[in-house]
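A.B. asks:
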Amino acid sequence: MPRERKKHWSWSFGPYGCRVRVYERPGGLIYAELRVRGQVRYRSLRGMNRDQAKRWAREEQPRLATGQRRLQHATPTLARVFEEYLTHATPNKKNRNTQKDDHRRAELWKRHLGDSFDLSVLGRRHVEGFQRLRKTGAIDARGGAVADGNRHPVGARAVANDLEFLRAVCRWAITWQDEQGRYLLEQNPWRFKLPKEKNPKRPTATDERYERTRAVSDQVQMELMRDGRRLKVRAPLSELLDLADATGRRIGAILRLRWQDLRLDVGPYGAIIWPADTDKMGQEWAAPLNAQARAAVDRRKAERVTVLSPYLFPSPKTPRRAASKDLASAWLLEAEKLAKLPKLEGTLWHAYRRKWGCARKHLPLVDVAKAGGWKDPQVLQSIYQAADVETLQRVVDEPAEVREVVR
19 MPRERKKHWS WSFGPYGCRV RVYERPGGLI YAELRVRGQV RYRSLRGMNR
69 DQAKRWAREE QPRLATGQRR LQHATPTLAR VFEEYLTHAT PNKKNRNTQK
119 DDHRRAELWK RHLGDSFDLS VLGRRHVEGF QRLRKTGAID ARGGAVADGN
169 RHPVGARAVA NDLEFLRAVC RWAITWQDEQ GRYLLEQNPW RFKLPKEKNP
219 KRPTATDERY ERTRAVSDQV QMELMRDGRR LKVRAPLSEL LDLADATGRR
269 IGAILRLRWQ DLRLDVGPYG AIIWPADTDK MGQEWAAPLN AQARAAVDRR
319 KAERVTVLSP YLFPSPKTPR RAASKDLASA WLLEAEKLAK LPKLEGTLWH
369 AYRRKWGCAR KHLPLVDVAK AGGWKDPQVL QSIYQAADVE TLQRVVDEPA
419 EVREVVR
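Quick note on numbering: our numbering labels position 13 of the sequence shown as 31, and the sequence is numbered without any gaps.
#1: With L261 and A314 assumed to form a contact (beta carbons below 8 Å), what rounded beta-carbon distance in angstroms separates them?
#2: Quick one: residues in its chain with C-beta nearer than 6 Å to the C-beta of G35, no 5 flanking neighbours on either side, listed in chain order?
#3: Using 10 angstroms around the beta-carbon of T193, count the other beta-carbons present and answer buried if the total reaches 16, otherwise exposed.
#4: Report, in whole angstroms, the separation of the C-beta atoms of Q403 and K379, which I expect to be a contact under 8 Å.
#5: For E78, collect the residues of the same chain with a Cβ closer than 6 Å to its Cβ; drop the 5 residues on either side in sequence, then sort them by chain order.
#6: In whole angstroms, give me the CA-to-CA distance for H170 and V177.
#7: Identify, in the order they occur along the chain, each residue of the same chain with its Cβ nearer than 7 Å to the Cβ of H121, setting aside the five sequence neighbours on each side.
#8: When you compare the segment 355–363 with the segment 227–239, are there three or more beta-carbon pairs, one atom per stretch, that lie closer than 8 Å?
#9: Quick one: Cα of M243 to Cα of L249, how far?
#10: Helix, strand or coil for S30, going by three-state DSSP, please let me know.
#11: Taking the CB atoms as reference points, tell me whether W292 and A309 lie closer together than 8 Å.
#12: Quick check on T336: buried or exposed, where buried means 16 or more other Cβ atoms within 10 Å of its Cβ?
#13: Are the CB atoms of K219 and G375 nearer to each other than 8 Å?
#14: Buried or exposed for G32, going by 16 or more other Cβ atoms inside 10 Å?
#15: Of all the options W303, G167, A71, P80, which has the alpha carbon lying nearest to the alpha carbon of R53?
#16: Can you give me the Cβ contacts of S327 inside the same chain, cut-off strictly under 6 Å, excluding the 5 residues immediately before and after it?
#17: Name the one or two DSSP bridge partners that Y38 has.
#18: Leaving out five residues on either side along the sequence, give the residues of the same chain with a beta carbon under 8 Å from the beta carbon of R318.
#19: Looking at the structure shown, is D295 part of a helix, part of a strand, or coil, going by DSSP?
#20: Consult DSSP for Q117 and reduce its assignment to one of helix, strand or coil.
#21: Please report the straight-line C-alpha distance between V423 and P417, rounded to a whole angstrom.
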C-alpha cells in the first residue's frame with residue numbers, strides 16, 4: 019500500500035499578486051514566501067513559531083502592497099558569496115591544507131559555473147552535470163577542461179569532497195549578513211545527496227611490507243646544502259616509518275611534530291601532545307609512546323645537534339620549516355622500489371594508519387580511538403578496521419553456546 023506523504027503546515031495572507039505565505043519545511047523550520055507583481059523572494063524566519071510567523075506575515079504584507087518593502091536584493095553570485103566565505107570562514111579553519119583546499123575548490127566552482135552564477139538557483143542539473151564532468155576527468159581539480167586523451171577519472175570520494183565544500187558554503191551563507199544586515203542567501207538551495215563509493219578501496223599495509231621497507235629505508239638519501247656545497251645524507255625515513263607504525267598518526271601530523279610537543283619524562287617511554295593545528299579535526303590529543311616510537315625519537319634527538327630546527331623532521335632546504343608530505347612520499351616510494359614491493363593502489367602513508375587500527379581490533383574501541391586520534395570511534399571501526407583472515411577464522415571456529423533461558 020503506497021505511503022501517504024506528510025503535508026507540512028502552510029498559511030497565507032493577502033490577495034493574489036501581493037501575498038505572503040509562511041510555511042514549515044521538513045525538520046520544523048519556518049520559511050516565508052513573498053510574492054508581489056510577479057517577483058518572488060524567500061527567507062527564513064529563524065526561531066519563530068507558527069503564531070509568530072502569522073503575525074509577521076500580517077505585518078509584512080501591507081509593506082509589500084504599499085512599496086515599503088522591495089524584493090530586489092543583491093544577487094548571491096558565486097564570486098560574491100565565495101569572497102565572503104574565503105574572507106570570513108576559511109581563516110577560522112586551523113588546518114592550512116583545508117584552507118588551501120577551500121581556495122582551490124572556490125576556483126573550481128567559479129570556473130565551472132561562472133563568477134556571475136546565482137547560487138540561489140542552484141539545481142539538480144548543475145550538481146549532476148558537475149558530477150559527470152568531474153568523475154570522468156573532463157575537468158580537473160581546478161575546473162579546467164581536459165582533452166580526451168589526457169583525462170584521468172576520479173573516484174566518488176573526490177567528487178563528494180568538492181560537492182561538500184559547496185554545501186558548506188550554502189549552509190554558511192544563510193547565516194551570514196552583509197553590511198546592510200541582509201543574509202547572503204535567504205534560503206538554502208542544497209537538496210542533493212553526496213555520491214558514495216560503492217566499493218571503496220582501502221589498502222592496508224602489512225607487517226611484511228613494513229619490515230621489508232624498513233630494512234632498506236636507511237639507503238634512501240636526501241640532499242642538503244652545507245657551506246655552499248651539496249651533500250647527500252641519509253633521509254630520516256626509518257624514523258618516519260617507525261613513528262607511523264607505532265603511533266598510527268597521519269604523516270602530515272608526524273612531519274609537523276615539534277620538540278616542544280614531546281613529554282619524554284611521562285610514563286615508561288614518554289608521550290606526545292599532538293597539537294590541534296596539525297590535526298584534521300582541529301583537536302589536541304595526548305598519547306603515550308611505546309618502545310619503538312621512543313627509539314625513533316631518540317635517534318632524531320641524537321641528530322638534532324647537526325640541524326637546528328623546531329621540528330623533528332625539518333625540510334632539507336629550509337630547516338625552519340617541516341619537511342613536506344610530497345618529500346616524505348617520494349622517500350617511501352623509493353624505499354618500496356628498493357624492497358621490490360608493488361605500490362598499494364591509491365595510498366602511501368595512510369596504509370600504515372589503517373595497519374595500526376587493524377592491529378588493535380582486540381582492544382577497547384574508545385581507547386584505540388583516543389590513542390590514534392579518531393574523534394569518532396565509529397569512523398575508526400567502519401573505515402580503518404578491516405576484516406582479516408585470522409579473525410574471520412576465529413569467528414567461525416569459536417562459537418559460544420546458545421541456550422534457552424529457564425524461567
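All residues carry an ideal CB built from backbone N, CA and C; glycine is no exception. Given the structure is predicted, the values throughout are model-derived calculations rather than measurements.
C.D. replies: Result, derived from the coordinates:
#1: 5 Å
#2: Excluding positions up to five away in sequence, the list is empty.
#3: When all chains shown are included, T193 counts as exposed.
#4: 5 Å
#5: V38
#6: 13 Å
#7: L104
#8: Flag = yes, the segment 355–363 and the segment 227–239 touch.
#9: 6 Å
#10: strand
#11: No, the pair does not count as a contact, with Cβ atoms beyond the cut-off.
#12: Exposed, because fewer than 16 other Cβ atoms sit within 10 Å of the Cβ of T336.
#13: no
#14: By the 10 Å Cβ count, G32 comes out buried.
#15: The shortest C-alpha separation from R53 is found at P80.
#16: P337
#17: Tyr is not the amino acid found at residue 38; the sequence shown has Val there. F31, L52.
#18: P254, E257, L330, F331
#19: helix
#20: Shown here, Q117 sits in a helix according to DSSP, grouped into three states.
#21: 18 Å
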